[in-house]
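**Student:** Have a look at the structure that comes next, please.
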């Protein structure tokens with residue numbers, strides 16, 4: 160699948176990035192490349208809980224979040240109608256990870272063309 164290869168190229172273009180997976184609004188994984196994570200379901204449900212709370216800040220639409228841990232970092236990118244989760248080493252360039260959002264937009268449009276029934280996110284959050 161060309162979309163999978165394109166996502167793999169994006170992953171490989173960032174030193175220290177180990178996994179990218181795309182989910183729909185309901186947390187269903189649409190596409191994944193890189194290392195398999197046992198904690199993906201936990202990451203997805205944590206994001207949903209976080210979004211519920213950050214929506215109360217009334218700061219506009221969520222574009223990206225970064226979480227830093229002892230052994231890794233997690234960058235979450237809102238690329239409507241999908242959400243991208245990028246897992247990387249703590250030394251990976253976070254700015255490069257954030258720039259993936261722009262590079263993912265055409266890929267997400269391609270996914271939408273193949274799977275037009277992807278539940279859309281609430282763009283006002």
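Residue numbers (our numbering): 160 to 284. Each residue gets a CB set at the ideal place from its N, CA and C atoms; glycine is no exception.
#1: Taking the alpha-carbon positions, what's the residue 266 to residue 165 distance?
#2: Specify the secondary structure class of residue 187 as computed by DSSP and reduced to three states.
#3: Quick one: is residue 179 buried, meaning 16 or more other Cβ sit within 10 Å of its Cβ, or exposed?
#4: May I have the straight-line CA-CA distance separating residue 253 from residue 226, to the nearest angstrom?
#5: Measuring only the C-alpha atoms, how far is residue 176 from residue 193?
#6: How would you label residue 273, buried or exposed, when you count the other beta carbons within 10 angstroms and need 16 or more for buried?
#7: In angstroms with no decimal places, state the Cα-to-Cα distance between residue 270 and residue 217.
#8: Taking buried to mean at least 16 other C-beta atoms within 10 Å of its own C-beta, is residue 247 buried or exposed?
#9: Just the Cα atoms here: how many angstroms apart are residue 171 and residue 259?
#10: Quick check on the burial criterion: 16 or more other C-beta atoms within 10 angstroms. Buried or exposed for residue 243?
#11: Can you name the residues that DSSP bridges to residue 224?
#12: Whole angstroms is fine: what's the gap from residue 229's alpha carbon to residue 264's?
**Tutor:** Taking the structure as given:
#1: 8 Å
#2: coil
#3: buried
#4: 10 Å
#5: 9 Å
#6: exposed
#7: 30 Å
#8: buried
#9: 12 Å
#10: buried
#11: 235
#12: 30 Å
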